[in-house]
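As structure tokens, the structure follows; a few thoughts come after it.
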Amino acid sequence: MSGKVFLVGAGPGEYRFITLMGVDKIKQADVLVYDRLIGNELLNYAKDGCEKIYVGKQSSNHVKTQDEINEILYQKAKENKTVVRLKGGDPFVFGRGGEEGIYLYDRGIDFEVIPGITSAIAGPMMAGIPVTHREVASSFHVITGHLKDEDDEIDWDAIARLKGTLVFLMGMSQKEHIQYSLIEKGMSPDTPVAVITSATTPNQKSIRSTLADFVQEAQNHHLSAPGLIVVGDVVNLQPKLDFAGRRPLKGKKVLITRARQQSSVLKEKVRERGGEPFVFPVIRIKDLREEAGLAETISKMDTYTWIVFTSQNGVSLFFEELFQKGRDVRALHGKKIAAIGKTTAKSLKKYGIVCDLVPDSYVAEDLFKELKPHLKPIDRVLLPRAKGARAYLKEEIEKICP
Numbered sequence: 001m002s003g004k005v006f007l008v009g010a011g012p013g014e015y016r017f018i019t020l021m022g023v024d025k026i027k028q029a030d031v032l033v034y035d036r037l038i039g040n041e042l043l044n045y046a047k048d049g050c051e052k053i054y055v056g057k058q059s060s061n062h063v064k065t066q067d068e069i070n071e072i073l074y075q076k077a078k079e080n081k082t083v084v085r086l087k088g089g090d091p092f093v094f095g096r097g098g099e100e101g102i103y104l105y106d107r108g109i110d111f112e113v114i115p116g117i118t119s120a121i122a123g124p125m126m127a128g129i130p131v132t133h134r135e136v137a138s139s140f141h142v143i144t145g146h147l148k149d150e151d152d153e154i155d156w157d158a159i160a161r162l163k164g165t166l167v168f169l170m171g172m173s174q175k176e177h178i179q180y181s182l183i184e185k186g187m188s189p190d191t192p193v194a195v196i197t198s199a200t201t202p203n204q205k206s207i208r209s210t211l212a213d214f215v216q217e218a219q220n221h222h223l224s225a226p227g228l229i230v231v232g233d234v235v236n237l238q239p240k241l242d243f244a245g246r247r248p249l250k251g252k253k254v255l256i257t258r259a260r261q262q263s264s265v266l267k268e269k270v271r272e273r274g275g276e277p278f279v280f281p282v283i284r285i286k287d288l289r290e291e292a293g294l295a296e297t298i299s300k301m302d303t304y305t306w307i308v309f310t311s312q313n314g315v316s317l318f319f320e321e322l323f324q325k326g327r328d329v330r331a332l333h334g335k336k337i338a339a340i341g342k343t344t345a346k347s348l349k350k351y352g353i354v355c356d357l358v359p360d361s362y363v364a365e366d367l368f369k370e371l372k373p374h375l376k377p378i379d380r381v382l383l384p385r386a387k388g389a390r391a392y393l394k395e396e397i398e399k400i401c402p
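Take the sequence shown: its position 316, counted from the start at 1, is 316 in this note's numbering, and no numbers get skipped.
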């Protein structure tokens, strides 16, 4: 009995552009065979124990030949495994997915194809260029840029006469040949041209030029593969439609120093604003509940009148200990709850706790300023906090509640 192969389009580079079905297949995979240009974050969807095989291909530098990739898919499927072949863009748009499908069919291996967003459309779009536009271009044509003079099968005469948009994929190494062939066959040297590299990723760069000048412009701006070339009047729409270029963090690299398990939200916010996030934790969260005697503290919960949380980590560890001791949120009945900020308050709300006090500014001084009028000498305040945290809040509370 044989397994099954899924040829999955990973999209144009930005990992969030993959389809829901594509993610679902990655999660099911026993074997993941993946390309160079996929978003590496997609690998995180794979289940524990999934075998990951890198077969990245770069022009003139192949880790595996196409024949070797075909055979890997076949052999892994013969082992009765679910195999996902994760390919940049769409498997059937210059992705050689057809070759892989035929190879599997001829050997009796079942397969399916999951479409992906091709960079031929998404790349120009993320640079503010629609491949079609009313009264500008009613068609577009996608052409491979992997050309060899000796076996060039492109009908340049026909292409130069086309009225629609031309999109050359994988054309950076052949841009001079593309430029020469189009002009030589009669296309106006003034035809608008855009060059887009690392499309849809935080490293995306683009230039807008003309057919006569785009090669030199690309060199002046040090543009290199992976890239695509767009030829046609739609390029002139870029200044008004380049929404991604107007993102506030466009072209910026942002270092995130939060603990790794808490960096995902900030990481996505950086991406949404056009930046490239790098997670480099400078702190590590360590559970010190036993050392701090939290279990004993929880056993005396009835004696406290206020609980003041200064971090979402403190919230998580507090309730984890509370539940381990066989108690639940009813143990907080009659107690006032304060949180240092909205994020900590949001963490409490997950447990059904609505804070009595949250300052507008997320610093200990402002928290105490708002807390102080509510405290009386007879109050007992529980202050779950990190080891090594500032002593300010503890010291100020003890002045009122000795």
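Yeah, the Cβ is synthetic: ideal placement off N, Cα and C, and Gly gets one too.
Owing to the predicted nature of the structure, the values given are computational and were not obtained by experimental measurement.
Continuous beta strand (DSSP E) stretch holding residue i: start and end
{"i": "Val215", "result": "Careful: Val215 lies outside any beta strand (DSSP E), inside the alpha helix (DSSP H) at Phe214 to Asn220."}
{"i": "Leu357", "result": "Where Leu357 is concerned, there is no enclosing beta strand (DSSP E), given that its DSSP letter is neither H nor E."}
{"i": "Leu223", "result": "Segment: none, Leu223 is in no beta strand (DSSP E) and carries neither H nor E."}
{"i": "Ala194", "result": "Pro192 to Thr197"}
{"i": "Lys163", "result": "Careful: Lys163 lies outside any beta strand (DSSP E) and carries neither H nor E."}
{"i": "Thr144", "result": "Phe140 to Thr144"}
{"i": "Leu255", "result": "Lys253 to Ile256"}
{"i": "Leu42", "result": "Per DSSP, Leu42 belongs to no beta strand (DSSP E) and is neither H nor E."}
{"i": "Tyr304", "result": "That residue, Tyr304, is in no beta strand (DSSP E); it is neither H nor E in DSSP."}
{"i": "Leu32", "result": "Val31 to Tyr34"}
Residue closest to residue i, alpha-carbon to alpha-carbon, out of the options
{"i": "Asn70", "options": "Leu375, Val5 and Met170", "result": "Val5"}
{"i": "Pro402", "options": "Glu135, Pro377, Ala345 and Pro373", "result": "Pro377"}
{"i": "Gly274", "options": "Lys205, Ile298 and Glu321", "result": "Lys205"}
{"i": "Pro124", "options": "Asp379, Gly3 and Val195", "result": "Val195"}
{"i": "Thr201", "options": "Arg247, Lys387 and Lys185", "result": "Arg247"}
{"i": "Gly108", "options": "Gly164, His133 and Lys78", "result": "Lys78"}
{"i": "Glu365", "options": "Leu393, Pro373 and Ile38", "result": "Leu393"}
{"i": "His141", "options": "Lys76, Glu41, Val231 and Val8", "result": "Val231"}
{"i": "Arg134", "options": "Ala218, Arg390, Phe168 and Val234", "result": "Val234"}
{"i": "Leu432", "options": "Pro130, Lys349 and Leu162", "result": "The question about residue 432 has no answer, for the chain in this structure spans 1 to 402."}
{"i": "Leu42", "options": "Lys163, Ile26, Arg36 and His222", "result": "Ile26"}
{"i": "Lys52", "options": "Val33, Met21, Glu68 and Gly39", "result": "Val33"}
{"i": "Gly227", "options": "Phe243, Asn203, Ser263 and Tyr103", "result": "Asn203"}
{"i": "Ala46", "options": "Gly22, Glu68 and Ala158", "result": "Gly22"}
{"i": "Phe309", "options": "Lys369, Val83, Leu357 and Val265", "result": "Leu357"}
{"i": "Ile117", "options": "Tyr74, Gly89, Ser138 and Ala137", "result": "Gly89"}
{"i": "Arg16", "options": "Ala29, Asp35, Gly3 and Asn40", "result": "Asn40"}
{"i": "Thr303", "options": "His333, Asn44 and Ile397", "result": "His333"}
{"i": "Asp155", "options": "Thr165, Lys185, Ala127 and Ser139", "result": "Lys185"}
Which of helix, strand or coil DSSP assigns to residue i
{"i": "Asp110", "result": "strand"}
{"i": "Glu365", "result": "helix"}
{"i": "His133", "result": "strand"}
{"i": "Ser206", "result": "strand"}
{"i": "Ile229", "result": "strand"}
{"i": "Gly314", "result": "helix"}
{"i": "Glu396", "result": "helix"}
{"i": "Glu150", "result": "A caution first: Glu150 carries a pLDDT of 48, below 50, which makes its placement in the model unreliable, though a value can still be read off. Looking at Glu150 - three-state DSSP - the assignment turns out to be helix."}
{"i": "Val282", "result": "coil"}
{"i": "Gly9", "result": "strand"}
{"i": "Pro373", "result": "helix"}
{"i": "Tyr15", "result": "helix"}
{"i": "Val235", "result": "helix"}
Extent of the continuous alpha helix (DSSP H) to which residue i belongs
{"i": "Val23", "result": "Leu20 to Gln28"}
{"i": "Val265", "result": "Ser264 to Glu272"}
{"i": "Ile178", "result": "Lys175 to Glu184"}
{"i": "Leu241", "result": "Gln238 to Leu241"}
{"i": "Ile298", "result": "Leu294 to Ser299"}
Contact test: residue i Cβ vs the ligand FMN heavy atom, cutoff 8 Å
{"i": "Ile307", "result": "For the structure depicted, the ligand FMN is absent and the ligand set is empty, with no information on it obtainable."}
Straight-line Cα distance separating residue j from residue i
{"i": "Asp190", "j": "Ser173", "result": "22 Å"}
{"i": "Asp379", "j": "Cys355", "result": "18 Å"}
{"i": "Glu150", "j": "Ala120", "result": "In this prediction, Glu150 scores a pLDDT of 48, lower than 50, which makes its location untrustworthy; the coordinate-derived value is nonetheless stated afterwards. Near 26 Å, if we compare the C-alpha coordinates of Ala120 and Glu150."}
{"i": "Gln312", "j": "Ile340", "result": "9 Å"}
{"i": "Glu320", "j": "Arg327", "result": "10 Å"}
{"i": "Tyr351", "j": "Ile337", "result": "13 Å"}
{"i": "Lys175", "j": "Val167", "result": "12 Å"}
{"i": "Ile229", "j": "Phe323", "result": "59 Å"}
{"i": "Leu182", "j": "Ser188", "result": "8 Å"}
{"i": "Ile353", "j": "Leu367", "result": "18 Å"}
{"i": "Ile298", "j": "Leu382", "result": "10 Å"}
{"i": "Lys300", "j": "Leu348", "result": "20 Å"}
{"i": "Asp360", "j": "Ile207", "result": "44 Å"}
{"i": "Asp110", "j": "Gly13", "result": "28 Å"}
{"i": "Lys163", "j": "Gly145", "result": "19 Å"}
{"i": "Leu375", "j": "Phe280", "result": "40 Å"}
Beta carbon proximity, residue i to chain C, threshold 9 Å
{"i": "Phe214", "result": "Here there is only one protein chain, and chain C is not present."}
Item to check | Minimum length 4: unbroken alpha helix (DSSP H) runs contained in the stretch 316-355 | outcome: 342-349
Item to check | Segments assigned beta strand (DSSP E), at least 3 residues, entirely inside the stretch 48-129 | outcome: 51-54, 82-87 and 110-114
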